[in-house]
Amino acid sequence: MSAWDIIIPILTLVVGLVGGFAGGVFYLRQQLMKMQSDPEMLQKMARQMGYNLNKQQLQRAQQMMKRGNIGRK
Numbered sequence: 001m002s003a004w005d006i007i008i009p010i011l012t013l014v015v016g017l018v019g020g021f022a023g024g025v026f027y028l029r030q031q032l033m034k035m036q037s038d039p040e041m042l043q044k045m046a047r048q049m050g051y052n053l054n055k056q057q058l059q060r061a062q063q064m065m066k067r068g069n070i071g072r073k
């Protein structure tokens with residue numbers, strides 16, 4: 001049993017985790033950008049989370065997303 005039998009699986013695990021995280025962040029950002037311009041998609045997400053937004057709340061949520069107030073520190 002050589003050192004490569006231990007190093008390669010660990011290395012592939014780390015590369016897979018980093019790649020998966022980067023892909024997930026990219027996908028999530030793309031979805032959030034789509035939600036800014038598509039109120040139906042935003043309404044659908046809110047319903048999945050258990051909220052029922054009326055038109056005024058939906059417009060306010062879209063304005064907040066466009067200003068970048070969601071997800072920023």
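According to UniProt numbering, the residues represented by the sequence shown are 1 to 73, in order.
Using N, Cα and C, we set each Cβ at its ideal position, and we do this for glycine too.
Evaluate the contact criterion for the segment 20-33 versus the segment 48-60: three or more CB pairs, one atom per stretch, below 8 Å.
no
Flag this pair as touching only if the segment 10-18 and the segment 30-40 have three or more C-beta atom pairs under 8 Å; answer yes or no.
no
Considering only their Cβ atoms, is the gap separating residue 32 from residue 64 smaller than 9 Å?
no
Assigned secondary structure, residue 45 (DSSP; H/G/I helix, E/B strand, else coil)
helix
DSSP three-state label for residue 37, please.
helix
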